[in-house]
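Taking it in order: structure first as structure tokens, then the write-up.
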Amino acid sequence: MIHLPHQDYPTKPIDSISESFEKILYGRLFKATEGFSAANLIGTGGFGSVYKGVLDESGLTVAIKVLNLQHRGGSRSFMAECEALKNIRHRNLVKVITSCSSLNFQGNDFKALMYDFMPNGSLETWLHSSTTIDHLPHDQLHQLNLVQRISIAKDMAYALDYLHYRCGNVIVHRDLKPSNILLDSDMVAHVGDFSLAKILSLDELPDANTSTSSHVKGTIGYAPPEYGLGNEVSTGGEIYSYGILLLEMLKGKKPIDPMFREGLSLHSYATSGLAGCYVLQIVDPMLLCDDVKERCLISLVEIGVRCSSDAPKVRMDIGTVIHELLSVTYKRAAQGPHYPSSGLALDTCSMCDRIRHQVNQQKI
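Each residue of the sequence shown is one higher than the last, beginning at 1 in the UniProt record's numbering.
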């Protein structure tokens, strides 16, 4: 397992949401969102809705997640998110500002969390949605180039490295997917929505093959196959979700896209492209607009395939993922957009031979 020296990101813990920040009152949130108007609604999920708000005192723009307490598990998700976020802070995690737990104007229970606002929306929007981001012209939407996608992949990996190894506890997010990856004004990625997060005991970390009777939630297509068999939540399961998300960024298709049927999955599709040496035919055509050579794409797809293996023991750990992503970045920077043609051909062939061997070994 590789543990790399981490970048100097702020990771100073906060004591707790309630102690570090003055709790905000319902009336201020009501005013900030113009009565939680539909015009300010920026997202919905199983446990609540997210609104854009502007605090009247400072003019600060924030994101306000209002929990749906009528939904089964709504209160529990609020507590889970508070517990997961209360002692952590990192550049690639969405920052919680404060919380609200009070009554609304009708006298009903009301719970909400306030976060930093992410002006560039979610990765989901950039990869799939036709929704317009307010400050961007239409011709700049959905134009994530390869460099940006690698940067986002690294940001996500840094966040997982922190959650799994560097925050004092082992925290498993449990719902890693594009809609939970938010982009700030500089296109830095932040992992958000910890409503399903689970804090694991450092002394009792589960094995990926350990069975449990507890119901594990997640999102179809991103949850690892062993969870469906009743196995315990693990950091290895989170690596699977990361691998699927990386392949989705490279292919531009969701794991539940209609093209993946009759035994074909995003993982097997990418594996076939690697083994058959036709990676350029399986990636998002948008990436081919850049002056990108096949070796770089092969390396990225290989990371995604290894991380999303059905066999937990085959998956990379997050330290190795970061190492491989940095290696891809440094090679691009050192050699520029044009790779030497002769070297590329040799490297591509040897890599394909290695991948074919790995595929055959898995079949055995």
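Even glycine gets a Cβ: it sits at the ideal position worked out from N, Cα and C.
- According to the DSSP secondary-structure assignment, G74 is paired through a beta bridge with no residue.
- Between the stretch 215-235 and the stretch 118-129, the count of Cβ pairs shorter than 8 Å is below three; the stretches do not touch.
- Below 8 Å, enough C-beta pairs join the stretch 299-307 and the stretch 240-248 to call them touching: three or more.
- The beta-carbon distance between D161 and I318, rounded to whole angstroms, is 5 Å. This is short enough to meet the 8 Å contact definition.
- Straight through space, the alpha carbons of K95 and R89 are spaced by roughly 7 Å.
- Ranking Q70, G27, I298, D310 by CA distance to the CA of E324 puts I298 first.
- Secondary structure note for S151: it is in no beta strand (DSSP E), and the uninterrupted alpha helix (DSSP H) holding it is 146-161.
- Here the alpha carbons of C296 and M187 stand approximately 21 Å from one another.
- For Y51, the uninterrupted beta strand (DSSP E) segment begins and ends at 48-54.
- The C-beta of K313 has fewer than 16 other C-beta atoms within 10 Å across all chains shown, which makes the residue exposed.
- Checking the DSSP bridge columns, you'll see G45 partnered with G48.
- For S102, no alpha helix (DSSP H) segment is defined; the enclosing uninterrupted segment is the beta strand (DSSP E) at 96-103.
- G53 is classed as buried because its beta carbon has at least 16 other beta carbons within 10 Å across all chains shown.
- In this structure E262 is exposed. Its beta-carbon is surrounded by fewer than 16 other beta-carbon atoms within 10 angstroms.
- By the 16-neighbour rule on beta-carbons within 10 angstroms, E294 is buried.
- When DSSP states are grouped into helix, strand and coil, S185 belongs to the coil group.
- Under the 10 Å beta carbon count, M156 is surrounded by 16 or more other beta carbons and is classified as buried.
- Residue pairing by DSSP puts A112 in a beta bridge opposite V66, C100.
- The continuous beta strand (DSSP E) containing I199 extends over residues 198-200.
- Between L85 and A311, the alpha-carbon positions lie close to 30 Å from each other.
- Secondary structure of H164 (DSSP, three-state): helix.
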